[in-house]
Structures are given as C-alpha cells and as structure tokens.
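Heads up: the sequence shown begins at 427 in my numbering, then just goes up one per residue.
Comments concern the structure below.
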Amino acid sequence: MARYVDGYVIPIKKKNVKKYKKMATMGMKTWMKYGALDYYECIGDKLDIPYGTTFTKLCKLKKDETVVFAFIVYKSKAHSVQVNKKVHAELAKMDPKKFEEVFSMTRFSTGGFKVLVSNKK
427 MARYVDGYVI PIKKKNVKKY KKMATMGMKT WMKYGALDYY ECIGDKLDIP
477 YGTTFTKLCK LKKDETVVFA FIVYKSKAHS VQVNKKVHAE LAKMDPKKFE
527 EVFSMTRFST GGFKVLVSNK K
C-alpha cells in the first residue's frame, strides 16, 4: 500500500528539549486524532558522523543546540492534505509565539515525501 510522509528538521536549543517534548506530545495527539497512521519526533543524539554532511553542519547548529528529526505517516498524499487541513485549523487557534519560545520558525524545514521503499505493506 502506498504511503506518504511529512518530514521535519527543526534546530532547537538544548535547554528547550523538555518544552519541545511537551509541544510534540500535543502535536502527536492532534495528528493521530485526525487520522495520521504514525508519528515520530526524534531528538539528535549522534550528529557528528564522519561521513556525508552532518546535521550539525546542515542545520548550522550552535554549541547549545540540537536538532529534531520528525515525520508523520499517512495513507497517501490526499490523506496528508485531509489530515493537515484539520490539524492546521486547530493549531491556528494557538498563539504562534508559543512556537517561537521553543524554536525558530525561520530555521524550521519541512517537506512532503512519497515513500520509495518500506518494510510495510
């Protein structure tokens, strides 16, 4: 079965990880409530790998920062659009300053991805 993924890369200050986890938990509940199949928020742990472009360089991380790698799984691109419409309507009720207290929206990266290979059928 085809799947679709929204992916996110978000640099955050290490001191904000606890606040981000609280925000991410709320996000997970919201996306799942509206039909997402799976939801992951992962915090950087081993970022300076000796090959490729590291997340540290890619995100221009400062010493007091780490990165969140997150992704949400949907049945299809159309399902992603359907779920996100409901989620964004709910998030629009929130004060955008709440996000900026935890991470900078100008360094936030996101995109939609067609699944190329997966162990799920």
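Glycine included, C-beta positions come from ideal geometry on N, C-alpha and C.
Contact between Cys485 and Val435 holds: their C-beta atoms lie close to 7 Å from each other, under 8 Å.
For Gly453, the secondary structure class from DSSP, reduced to helix, strand or coil, is helix. Pro476 is bridged by DSSP to nothing; it lacks a bridge partner.
Taking the Cα of Ser506 as reference, the smallest distance to any Cα among Lys445, Met452 and Asp464 is reached at Asp464. A contact between stretches requires three or more CB pairs, one per stretch, nearer than 8 Å, and the region 502 to 517 fails this requirement with the region 478 to 492. Every unbroken stretch of the beta strand (DSSP E) spanning 3 or more residues and falling wholly within the region 470 to 543 is given here in chain order: 491 to 500 and 535 to 540. Here Pro437 is buried: its Cβ has 16 or more other Cβ atoms, across all protein chains shown, within 10 Å. Within 10 angstroms of the beta-carbon of Asp474 lie fewer than 16 other beta-carbons, which makes it exposed. In this structure, Ala428 sits away from Lys512, with a CB-CB distance that is not shorter than 9 Å. Secondary-structure assignment with DSSP links Lys439 through a beta bridge to Glu491.
Around the beta carbon of Ala496, a 10 Å sphere encloses 16 or more other beta carbons of the protein chains shown; the residue is thus reported as buried.
Between the C-alpha atoms of Lys483 and Leu517 there is a straight-line separation of about 31 Å. As a beta-bridge residue in DSSP terms, Gly433 pairs with Phe497 and Gly537.
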